[in-house]
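Only one structure is covered here, and it is reproduced in the block below.
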Amino acid sequence: MDMPRIESVTPASNMTLEIQWKGAPASTANLVGWIATGGELLAPLKSPDVWKTATVSDYGATVEWAGDDLAIDAFHLFQIAEDQRDFAVEDLRRWQEEIGLSNNEAADFLGVSLRTWKNYRAGAPVSHAVKMLLRASQRDPLLMHAHYRPRQTGRPKAA
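With my numbering, letter number 15 in the sequence shown gets 21, and the count goes up by one each step, no holes.
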């Protein structure tokens, strides 16, 4: 993936940024989790007055706020926004096709029943935990390598 670049940013309420990317669709990123885990360094961003000062800097490589070294780079901001984007049925089907899993194997990998997996494929809401696992397995193939167990065809051998 090319390094994402920010064209413009608009600070919204609830520690959310509306981002226009250069050459990519606009997105939003809720940074409340990033700020909460940033300790004292990011605590000033909890102030609405500081939050409103968000600006694009470094030729679209970062968003900065007024204050002491308050910034997030475009790559991490893009990743947060992408992880928060809804995982639609098309995304789910594309994930399965790209990896080449059967319905049974996909259900096994995710730790859900075959019926639940088929319901997801039919458009039922996907649980938050499953969305996170699907995205993580897309980003890190080692996760798939470590936890995928292919189904064997036919009947199991007699003991």
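We put the CB at the ideal spot given by N, CA and C, even for glycine.
Burial state of residue i, where buried means 16 or more other Cβ atoms lie within 10 Å
i      : result
Ser19  : exposed
Lys137 : buried
Gln158 : exposed
Val118 : buried
Ser53  : exposed
Pro10  : buried
Ser133 : exposed
Ser108 : exposed
Residue i and residue j closer than 8 Å at C-beta
i      : j      : result
Ala60  : Asp79  : no
Leu23  : Ala35  : yes
Ala87  : Ser33  : yes
Leu76  : Leu51  : yes
Glu96  : Pro156 : no
Ala113 : Trp123 : yes
Host beta strand (DSSP E) of residue i (start-end)
i     : result
Asn20 : Taken as a continuous stretch (DSSP letters only), Asn20 belongs to no beta strand (DSSP E), as it is neither H nor E.
Ala35 : Ser33 to Asn36
Thr43 : It is not in any beta strand (DSSP E) - Thr43 carries neither H nor E in the DSSP assignment.
Thr68 : Thr68 to Trp71
Thr59 : Careful: Thr59 lies outside any beta strand (DSSP E) and carries neither H nor E.
DSSP state of residue i mapped onto helix, strand, coil
i     : result
Gln26 : strand
Asp8  : coil
Asp79 : strand
Limits of the unbroken alpha helix (DSSP H) element including residue i
i     : result
Leu51 : Neither: Leu51 is in no alpha helix (DSSP H) and is coded neither H nor E.
| Which full runs of the alpha helix (DSSP H) of 4+ residues lie inside the segment 96-163, going along the chain? | The qualifying runs are 109-116, 120-127, 134-145 and 147-153.
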